[in-house]
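*Asks:*
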DNA sequence: TGATTTTCCGCAACCGATTGTGCAATCAAT
DNA sequence: ATTGATTGCACAATCGGTTGCGGAAAATCA
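What follows is the structure, encoded as structure tokens:
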């Protein structure tokens with residue numbers, strides 16, 4: 014079975030009494046070659062299952078047809094969704110994806126960036142680590158004429174095409190939905206002050222409240238550091254112990270929301286009737302717990318797709334094409350953790 | 014910044030007044046080259062940041078340094094753990110990983126297999142789709158001298174190295190732990206009859222019970238089809254409605270266990286005091302729910318590592334090395350869903 | 001000193017496909 | 001019939017390393 018020698022152009026040429034160059038051109042229907050010869054060659058190639066040697070083609074064209082993907086961590090629903098989108102879109106255009114993890118550390122990020130540089134990828138998609146505050150190691154790609162696209166966790170210090178989620182609008186939707194469902198005292202457990210996502214979500218929260226003519230007290234804003242379930246639990250306790258406790262809690266993340274719900278359940282506070290809860294990210298577990306968790310869906314798959322689309326555009330059309338920023342919608346998913354109200358007008 | 018022309022051996026040779034072949038050999042410290050010349054060349058190369066053109070090297074050596082990885086689905090904690098292990102091990106040896114999804118469909122599996130074949134990967138790691146019952150499309154790899162390693166979801170019809178988890182021992186541990194913790198009436202919600210994993214776990218369940226001198230009635234065995242939370246809920250209801258309901262339920266999967274716990278909570282049946290629950294797989298969500306879920310950990314990362322190790326061995330040492338099967342342990346993780354008992358001797 | 005071995009390096013083919021250039025044969029035009 | 005344009009294909013260089021072979025210079029030996 015194992016044919017020692019893969020069929021090459023030379024073999025076909027010899028067999029057909031043609032020159033290698035003629036065979037090569039015939040296979041791509043070059044106008045210089047007569048219809049008859051083209052048919053002859055193509056028939057022969059098909060019959061003998063000729064497959065061009067990718068290694069040779071890539072070498073000649075000086076292209077690897079590989080794109081690098083640097084993400085903070087692989088075992089994570091959101092990021093693996095992104096990966097999935099990238100792979101699908103890349104494969105569709107004949108590219109492979111080399112996945113690297115930064116583990117949220119800038120040192121690892123530098124290391125894998127260097128590795129990708131050495132392996133001569135045709136382009137790179139990156140979602141920055143939490144630690145990354147300067148991007149000199151990424152600018153080397155640009156210096157080497159390797160296009161880069163940033164996705165989700167981006168830096169404005171680095172001028173590339175970007176694909177992000179509209180955190181503001183997602184948060185705005187969530188909080189508006191609270192209000193339309195009859196909740197009035199809405200608290201927010203937010204993320205770190207130096208993270209763009211958190212700030213945008215907070216902004217969405219604040220704007221929605223303001224837009225509806227309501228207001229919030231500073232007591233209603235809690236700042237997470239690690240975004241853990243424990244923090245959610247703890248802040249829920251603090252919030253519910255206030256003289257005027259909230260009747261709704263918007264959480265920066267599903268995991269935090271879970272901690273909140275755990276506390277509420279333990280204290281026999283009814284969700285959604287006494288307190289409504291909305292998270293962010295649409296983790297699988299939100300569908301599983303009870304009551305099921307309302308959340309804002311981040312379209313990871315679509316982020317990956319779009320980022321790849323932009324990257325391939327750069328690769329094909331050159332570095333000088335404009336650096337657009339694509340903003341994808343983050344949409345509210347209403348589940349049981351928010352009470353139904355006839356006031357809801359289906360606007361969402 | 015962007016140096017149009019990457020430094021090549023020819024450049025170094027010209028600059029140093031040497032032949033290209035000499036430079037090439039010097040860089041790999043070939044004994045034919047004098048110490049002085051080697052130093053001269055290496056210093057120059059380092060100073061000017063010479064990086065060999067991987068495309069050229071790969072072409073010459075007829076190697077891609079790519080390995081393919083075919084898995085059912087990417088967005089899944091277990092499989093992404095495997096991926097993570099594969100990538101780490103592969104990168105450590107200078108290989109890249111091309112990830113493909115079969116989406117649990119044999120047609121997709123065939124498609125990506127063909128794609129990997131055409132892209133001339135140096136080797137393939139595969140975890141079969143649920144639909145796969147014949148492996149002719151995979152034997153093409155062997156015919157093309159491309160080594161294959163199977164991981165987790167394997168077929169005995171295909172003679173390759175394999176890496177699997179000891180489902181039997183994991184289940185045995187779980188059920189033994191139930192017994193040592195004082196549970197006596199242990200039910201099992203199992204998976205499909207035609208899936209090897211399910212059968213092994215069932216076998217572990219049955220053997221553990223038998224070994225402790227206990228027995229189970231057929232009423233205590235429920236067979237899932239889709240392994241969903243809903244099925245868990247439903248079967249829990251059936252089990253708890255029996256004349257003699259169980260005091261412990263061993264579930265084939267964490268998700269099923271979750272459905273069970275949901276039912277028990279709704280009926281105010283205390284976990285773990287009235288009924289103990291153990292799942293399988295160690296999903297993240299098991300740590301998050303309350304009570305936290307005891308489960309059997311499947312070492313996905315280690316599976317990936319080991320599979321890659323075996324594959325690289327094949328790639329380097331040739332196809333004729335023996336096809337071993339590596340069995341990794343699946344270990345019990347005790348959490349709150351099983352009651353503590355002094356009878357537990359720390360054996361686990 | 002001449003013969004032989006060893007040391008060190010250059011020459012050139014090669015991997016397989018791509019592509020610019022050149023040239024014969026065919027065809028059209030004057 | 002002679003010139004000019006067009007068609008259809010072959011030749012050969014090229015991409016950047018790798019590697020077998022051969023040969024000059026230096027070192028060792030007789």
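Protein chains in written order, with my numbering: chain A, 14 to 361; chain B, 14 to 361. Cβ atoms here follow ideal geometry from the backbone N, Cα and C, with glycine treated the same way.
#1: Pull up the distance between the alpha-carbon of residue 336 (chain B) and that of residue 162 (chain B), whole angstroms please.
#2: Taking Cβ-Cβ distances shorter than 8 angstroms, what residues in chain B pair up with residue 275 (chain A)?
#3: Can you list, in chain order, the residues of its chain whose CB lies under 7 angstroms from that of residue 342 (chain A), leaving out five sequence neighbours each side?
#4: Here's a check: name, in chain order, each residue in its chain whose Cβ is nearer than 6 angstroms to the Cβ of residue 319 (chain B), leaving out the five neighbours to either side.
#5: With 9 angstroms set as the bound, which would you pick, yes or no: does the beta-carbon of residue 237 (chain A) sit closer than that to a beta-carbon of chain B?
#6: For a cutoff of 9 angstroms on Cβ pairs, would you count residue 64 (chain B) as touching chain A?
#7: Just to check my reading of the structure: residue 136 (chain A) and residue 100 (chain A) have Cβ atoms closer than 8 angstroms, yes? What is that Cβ distance to the nearest angstrom?
#8: Compute the Euclidean distance between the alpha carbons of residue 35 (chain B) and residue 26 (chain B), then round it to the nearest angstrom.
#9: Within its chain, find whatever has a CB closer than 6 angstroms to the CB of residue 61 (chain A); leave out the 5 residues flanking it on each side and keep chain order.
#10: Whose Cβ in chain B lies nearer than 8 angstroms to the Cβ of residue 110 (chain A)?
#11: For the structure I just gave you, are there three or more beta carbon pairs, one from the region 46 to 66 of chain A and one from the region 115 to 123 of chain B, closer than 8 angstroms?
#12: How many angstroms separate the CA atom of residue 196 (chain B) from the CA atom of residue 346 (chain B)?
#13: Does residue 6 (chain B) come out as helix, strand or coil in the three-state DSSP assignment?
#14: Along the region 77 to 93 of chain B, what residues have a CB closer than 8 angstroms to any CB found in chain A?
#15: Give me the Cα-Cα distance between residue 289 (chain A) and residue 205 (chain A), rounded to the nearest whole angstrom.
#16: Quick one: which unbroken alpha helix (DSSP H) runs of 4-plus residues sit fully inside the region 266 to 346 of chain A? Chain order, please.
#17: Locate the alpha helix (DSSP H) running through residue 33 (chain A), then write down its first and last residues.
#18: Please name the residues in the region 240 to 259 of chain A whose beta-carbon is closer than 9 angstroms to at least one beta-carbon of chain B, in chain order.
#19: Please classify residue 330 (chain A) as buried or exposed, where buried requires at least 16 other C-beta atoms within 10 Å of its C-beta.
#20: From B:173, B:215, B:311 and B:149, pick the residue whose C-alpha is nearest to that of residue 233 (chain B); which is it?
#21: Does the CB of residue 279 (chain B) have a neighbour CB from chain A at under 9 angstroms?
#22: CA-CA distance, residue 297 (chain B) and residue 63 (chain B)?
#23: Determine the direct distance from the alpha carbon of residue 349 (chain B) to that of residue 218 (chain B), and round the result to whole angstroms.
#24: Go to residue 177 (chain B), then tell me how far its beta strand (DSSP E) extends in each direction, as first and last residue.
#25: When you compare only the Cα positions, how much space is there between residue 267 (chain A) and residue 304 (chain A)?
#26: Judging by CA-CA distance, which residue of A:221, A:103 and A:96 is the nearest neighbour of residue 313 (chain A)?
#27: Between A:71, A:328, A:286 and A:142, which has its C-alpha nearest residue 353 (chain A)'s C-alpha?
#28: What does residue 8 (chain A) reach in chain B if we use C-beta pairs closer than 7 angstroms?
#29: Buried or exposed for residue 213 (chain B), going by 16 or more other Cβ atoms inside 10 Å?
#30: At what residues does the alpha helix (DSSP H) containing residue 114 (chain B) begin and finish?
#31: Answer yes or no: does any C-beta atom of chain A fall closer than 9 angstroms to that of residue 97 (chain B)?
#32: What's the gap between the Cα of residue 29 (chain B) and the Cα of residue 322 (chain A)?
#33: What residue range is occupied by the uninterrupted beta strand (DSSP E) comprising residue 201 (chain B)?
#34: For the region 149 to 173 of chain B, enumerate the residues whose C-beta is nearer than 7 angstroms to any C-beta of chain A, in chain order.
*Replies:* So, from the data block:
#1: When rounded, the separation of the alpha-carbon atoms in residue 336 (chain B) and residue 162 (chain B) is 9 angstroms.
#2: 303
#3: 179 and 182
#4: 176 and 339
#5: no
#6: Yes - at least one Cβ of chain A is within 9 angstroms of the one on residue 64 (chain B).
#7: Between the beta-carbon of residue 136 (chain A) and that of residue 100 (chain A) there is about 14 angstroms, and that puts the pair past the 8 angstroms contact cut.
#8: As the crow flies, the alpha-carbon of residue 35 (chain B) is around 8 angstroms from that of residue 26 (chain B).
#9: These residues qualify, in order along the chain: 20.
#10: Under the 8 angstroms cutoff, chain B gives 111 and 112.
#11: no
#12: Using only the alpha carbons, I get a separation of about 17 angstroms.
#13: A query on residue 6 (chain B) cannot be resolved here, the shown segment of chain B reaching from 14 to 361 and no further.
#14: Of all residues in the region 77 to 93 of chain B, only 77, 79, 87, 88, 89, 90 and 93 place a beta-carbon less than 8 angstroms from a beta-carbon of chain A.
#15: Taking the straight line joining both Cα atoms gives about 23 angstroms.
#16: 267 to 279, 298 to 301 and 313 to 330
#17: 33 to 40
#18: So the list reads 242, given in the order they occur along the chain.
#19: exposed
#20: B:215
#21: yes
#22: 45 angstroms
#23: 20 angstroms
#24: 175 to 178
#25: Rounded to the nearest angstrom, the two C-alpha atoms are 13 angstroms apart.
#26: The shortest Cα separation from residue 313 (chain A) among A:221, A:103 and A:96 belongs to A:96.
#27: A:286
#28: The structure shown does not extend to residue 8 (chain A), since chain A is modelled only from 14 to 361, so the question has no answer here.
#29: buried
#30: Counting along the chain, residue 114 (chain B) falls outside any alpha helix (DSSP H), though it belongs to the beta strand (DSSP E) covering 109 to 114.
#31: Output row for residue 97 (chain B): interface = yes.
#32: 44 angstroms
#33: 199 to 203
#34: 156, 157 and 158
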